[in-house]
Ligand SMILES: [Zn+2]
Ligand SMILES: [Zn+2]
């Protein structure tokens, strides 16, 4: 299985267009610190790739990844579809950027599909441009091949019923409350190796613990370093956990849990307030001592 990390930032990116905080200013001064919105490309088969989440950066991410470039025929793209872990705007706005496609396959849960089609009216807005087709992601326990020729099998691990702000009033459908935010579990049956991708993680349910226990690689929500970071930096009156992101550090942080796993563990989806966006920050040493990593844009992971 081949994974390409297309971006590693939370909503807004690094730098964020309207922000001059030390981290955003640092990224303007040092362009190598820039991070695009969190996204991952998964190779289903030779010349066929899926992208996890359609970020506002998706066209730039495709250009920066030669495996996703079109060819040899002028309009043939290796992009077979988009997998959505949730319906947040930073993970779905890029669908509109792909409207030049004749048809676009989206894999996600029913709750996310209904949010994107219903509230955002993205489906209606885009129908004159492209044909959105939807595939329900299988849930954990019943993984299915990514597509017909693929040895990569996928399943969604339901994480929570946290809705995006634009969909807070959407009533819960039968059984969909855990399906607004999912982790993805990807197993290559050719190599027997497994990756878990969870860029938005507000709780750590048993299903996730089960999914990561025997994984070889875990790429996880690293939005905030500590629980108070959003309040301390003035971006929100809520804690990280209340915003739907377990912090990295602290007694309920994810670092302790990840450090106990045999998997290679990397953080992604870093907010521009997170000290980890500065490569000289001492927090990197804390993670290194625990055997944990921070994912970088452009990183390639072979499993
Ligand atoms: Zn996000
Ligand atoms: Zn900033």
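Residue numbers (full-length UniProt numbering): 1 to 303.
The C-beta atom is built at its ideal place from N, Cα and C for all residues, glycine as well.
All values derive from a computational prediction rather than experimental measurement.
- The beta carbon of residue 89 sits closer than 6 Å to no other beta carbon from its chain once the five residues preceding and following it are set aside.
- Distances from the alpha-carbon of residue 172 to those of 161, 182, 205, 165 put 161 closest.
- When rounded, the separation of the alpha-carbon atoms in residue 264 and residue 289 is 14 Å.
- Under the DSSP assignment, residue 131 falls in the beta strand (DSSP E) whose first and last residues are 131-136.
- Ranked by how close their Cα comes to the Cα of residue 257, the residues 193, 116, 26, 218 have 218 in first place.
- Between residue 67 and residue 41 a beta carbon distance of about 7 Å is seen, short of the 8 Å cut, so the two are scored as contacting.
- Closer than 7 Å to some heavy atom of ligand 2: that does not describe the Cβ of residue 74.
- Ranking 206, 126, 169, 277 by CA distance to the CA of residue 183 puts 206 first.
- One thing to note: residue 221 has its Cβ no nearer than 8 Å to the Cβ of residue 250.
- Beta-bridge analysis with DSSP links residue 144 to 154.
- Here the stretch 163-171 does not lie against the stretch 50-63, with fewer than 3 beta-carbon pairs under 8 Å apart.
- Around the beta carbon of residue 113, a 10 Å sphere encloses 16 or more other beta carbons of the protein chains shown; the residue is thus reported as buried.
- Taken in chain order, the unbroken stretches of alpha helix (DSSP H) that lie wholly in the stretch 63-132 and span 4 residues or more are 89-92, 94-97, 110-114, 122-126.
- Note on geometry: alpha-carbon atoms of residue 17 and residue 27 lie some 11 Å from one another.
- Closest option to residue 179, judged by alpha-carbon separation, among 115, 128, 274: 115.
- Of 157, 146, 73, 201, the smallest CA-CA separation from residue 189 is found for 146.
- Distance from the CA atom of residue 3 to the CA atom of residue 300, rounded to whole angstroms, is 6 Å.
- If you ignore the 5 residues before and after residue 271, its C-beta comes within less than 7 Å of the C-beta of 10, 223, 224, all in its own chain and listed in chain order.
- Your pair residue 130 and residue 101 checks out as a contact, with CB atoms roughly 5 Å apart and the cut at 8 Å.
- Bounds of any beta strand (DSSP E) do not take in residue 23; it lies within the alpha helix (DSSP H) bounded by 22-29.
- Cβ contact annotation for residue 203 (same chain, cutoff 6 Å, sequence separation greater than five): 160, in chain order.
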